[in-house]
Every structure is written in structure tokens, then in C-alpha cells.
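To convert, note that position 177 of the sequence shown is 177 in the working numbering; the numbers rise steadily by one, no gaps.
Worksheet: the structure to be examined is printed underneath.
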Amino acid sequence: MNKKYRVLKRLMPENSLSRRDFLKSQAGLAAAVAFSGLGVLGQASVSRAGNSPDIGVARGGPTEAVRACVDLMGGMSSFVSSGDKVVIKPNMSFAHTPDRATNTNPRVVSALAEMCVDAGASRVMVLDNTLQSAQRCMELSGIRDACADIPNTRVETFDSRRFFQEVSIPEGESFRSTEVMRDVLDADVLIAAPVAKSHSATGVSVSMKGMMGLIRNRGVMHSRYNLNQAIVDLCTLLKADLTVVDATRVLSSHGPQGPGDVIEGELVLASRDMVAADAKTVELFPWYGRKIRPDQVEHIKMAHERGLGRMDLDNLEIQTVDA
Numbered sequence: 001m002n003k004k005y006r007v008l009k010r011l012m013p014e015n016s017l018s019r020r021d022f023l024k025s026q027a028g029l030a031a032a033v034a035f036s037g038l039g040v041l042g043q044a045s046v047s048r049a050g051n052s053p054d055i056g057v058a059r060g061g062p063t064e065a066v067r068a069c070v071d072l073m074g075g076m077s078s079f080v081s082s083g084d085k086v087v088i089k090p091n092m093s094f095a096h097t098p099d100r101a102t103n104t105n106p107r108v109v110s111a112l113a114e115m116c117v118d119a120g121a122s123r124v125m126v127l128d129n130t131l132q133s134a135q136r137c138m139e140l141s142g143i144r145d146a147c148a149d150i151p152n153t154r155v156e157t158f159d160s161r162r163f164f165q166e167v168s169i170p171e172g173e174s175f176r177s178t179e180v181m182r183d184v185l186d187a188d189v190l191i192a193a194p195v196a197k198s199h200s201a202t203g204v205s206v207s208m209k210g211m212m213g214l215i216r217n218r219g220v221m222h223s224r225y226n227l228n229q230a231i232v233d234l235c236t237l238l239k240a241d242l243t244v245v246d247a248t249r250v251l252s253s254h255g256p257q258g259p260g261d262v263i264e265g266e267l268v269l270a271s272r273d274m275v276a277a278d279a280k281t282v283e284l285f286p287w288y289g290r291k292i293r294p295d296q297v298e299h300i301k302m303a304h305e306r307g308l309g310r311m312d313l314d315n316l317e318i319q320t321v322d323a
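Given below as C-alpha cells:
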């Protein structure tokens, strides 16, 4: 059973629980979980495992840095077990080459996929619902080519309704339902693999904002809801087991599409906590030419306050290594 479901395991009979079953069970268990004082996907589910830090940071080339920071988290086998179906969610929404820093570095994605397969994954799906032409995004991002020779790994972009399923968001305060990719609902492990970039509507776009690429209609989050609150609502439903932030290049201005100022960050960050990973990414780099605090990013602050993770970096254990 996936580590994410420890709280549910205490409330349900012992059985095999798929991500789809988990999502379906949320509505029925929300009241019981709330009564127990634990959120279904609250801070209890992002506690550190063993001696691993809250956040791992690695300096170096993309492949080496990914492996080093995931090793700080206990290695991929801490997240992926034999036979698991894994979804990796990178940014690949724009028909741009990696130097633009609008998409995740393909070497970051391929390193993660290889590690998942080595840990015993039966299937690895690299998924995004692209904003621009899916074919051009595939061609120019380099992600499909980078993963082409990795066994049991597919890179796909979906927008047709048949690839999605309507689900409720029981813990959503305003955003209460959406259509999620079926492969995500069936996955045992969800890995967020965003590139670190600025965003005109939310200030920054890292792992939490990136979950919008796993739903069919992200536009409604902009038009009908407070976007930052909707992001947090969505992340009560889609919360990564592992977040790996590509900061090898950082689009520090004019995101999410650019062109903008690209910083050669040469860093990769990893955490079990999406909020902490995003907060540390914000702290590390200037945005639009100035430094900002994590609590100045509305969705990061809201997620912390709602118990989805932690932005209080001074109280977290952070380890940095050279890859």
C-alpha cells in the first residue's frame, strides 16, 4: 500500500487500495478523518521517513543531481515498490526547447523514470495536458526522446474526455470537483517533477501549480475561482508522494511561457512535502529581480495554513550535497 494512505489504513479494513479507490473513498471518510484531527492528505502524510531530511538539495548536472537528492530522501525504493504504477508529472506544456526553462529538463524526467523502473515499477507514465500543440511540445521539449529507451515508460499528453474521469474534491473549499486523468487515478505513486518558474497570475509555478496539468479543464480554475485557493483545493486531491523540482534552469521572469530571464541554477530539490519543496524553491532564487518570501506566494501560504505541508523552512531539516 502506498505511503500516502496511512491515515486511511487506520480507518479501513486491510486491503489493497488503488489511487482510484482512495479518491472514491475520500467523500465517505472525510468526516471520520476530520473527527480524528488528521487531514486525509494533511501534515501527518508528509512526515519524514527514517533519517531523511525534510528537503534535499543537490548541485550538479541534471541526472546526477536528481539521483543525489532522491538518495537523500531514502532512495526511490522508499517511494516505489515492485509492481507499482507510477505517474510522473513534469512541465511540458510549451513548444519550447529546454533552454527556455518553460518545460522540465528532459534529463531530470528520464533520470526519475529510470529510477522508478530500477525500483521495480511495472509502468511509468509521464503525463501532462499541454497548453500548446501536443505534437510540438513533444518534439521540442525533448522529454519523449529522453525517455524513449527506458523500459515500461510512456510519455503522453491527454486532452480528450475519454482519458479523464470526474471526481469530487471533498476537502475543496470552493473547487469541489474536476476531471482527472484516469492514469493518475489508477497510479500507486505520483511524482511531481516541475521546472521552477515565475507565473504572471500566481507569482511562481512549482509543484502545486503544476498539478493543474493533470486535469482536463484548468481554465475554469482561472475564470470561476480564486486561482490560488483552487490550486490548494486541487492539491488536497492530487498530492505528490515525491516532489523533485528542476532548478537546473529557472525562469525567473515573464513565466510561465517566457521568454524571460533564465538563471542557470544547477540545482535539483526533493521532498515528500510539496509545500516545503515549493517554499524552498522560492527562497533560493530571485523572482522578477528581487527576493521574496514563501509566505508572499498566496497558494503556498494557504497550503501551509490548511495543513497540506510546511513553509516554515527555519524549522525544517534541509541537506545540501554536491552531485
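Glycine is no exception: its CB is placed at the ideal position from the N, C-alpha and C atoms.
Assignment of beta strand (DSSP E) within the segment 85-151, counting only whole runs of 3 or more residues, yields 85-90 and 123-128 in chain order. When secondary structure is reduced to three states using DSSP, Ser-253 falls in the coil class, being assigned neither helix nor strand. Straight-line spacing of the CA atoms in Val-297 and Phe-163 works out to 32 Å.
Following the DSSP letters along the chain, one finds Asp-322 inside the beta strand (DSSP E) bounded by residues 318-322. Per DSSP, Ala-65 lies in no beta strand (DSSP E); the unbroken alpha helix (DSSP H) holding it starts and ends at 62-72.
Here Asn-315 is exposed, its C-beta having fewer than 16 other C-beta atoms within 10 Å. The C-beta distance from Ala-277 to Thr-243 rounds to 4 Å, short enough to meet the 8 Å contact threshold. As the crow flies, the alpha-carbon of Met-181 is around 6 Å from that of Gln-165. Taking a contact as a CB-CB distance under 8 Å, the pair Val-57 and Leu-112 does not count as one, their CB atoms being some 16 Å apart. By the Cβ rule, the segment 201-211 counts as touching the segment 225-236, because three or more pairs are nearer than 8 Å.
Using a 10 angstroms sphere on the CB of Glu-139, the tally of other CB atoms stays under 16, which defines it as exposed. Taking a C-beta distance under 9 Å as the contact criterion, Met-92 and Ile-169 do not qualify as a contact pair. The C-beta distance from Ala-230 to Phe-175 rounds to 4 Å, short enough to fall under 8 Å. Here Asp-273 has Val-46, Asp-54, Gly-309 and Arg-310 as same chain residues with Cβ atoms under 7 Å from its own Cβ, once five neighbours each way along the sequence are excluded. A straight line joining the alpha-carbon of Trp-287 with that of Glu-264 spans about 14 Å. With respect to the 9 Å criterion, Ser-252 and Ser-198 are classified as neighbours on the basis of their beta carbons. Annotation for Ile-191: Phe-79, Val-86, Val-87, Ile-88, Lys-89, Leu-112, Cys-116, Ala-240, Asp-241, Leu-242, Thr-243 and Val-244 place their beta carbon closer than 8 Å to its own, counting only its chain and skipping 5 residues before and after. According to the DSSP assignment, Lys-197 belongs to no alpha helix (DSSP H) but to the beta strand (DSSP E) extending over 195-199. Checking the DSSP bridge columns, you'll see Gly-203 partnered with His-199. Linking Tyr-225 to Asn-105 through their CA atoms gives a straight-line distance of about 31 Å.
Asn-152 and Arg-123 have their C-alpha atoms roughly 5 Å apart. For the pair Leu-131 and Cys-137, the Cα-to-Cα distance works out to about 9 Å.
The bridge partners DSSP lists for Gln-165 are Val-180. With contacts defined by Cβ atoms closer than 9 Å, Val-250 and Val-262 form a contacting pair. In the displayed model, Gly-258 falls within coil according to three-state DSSP, outside both helix and strand. Per DSSP, Val-282 has no beta bridge partner at all. Under a 10 Å Cβ-count criterion, Ser-160 is classified as exposed, with fewer than 16 other Cβ atoms of the shown protein chains found around its own Cβ.
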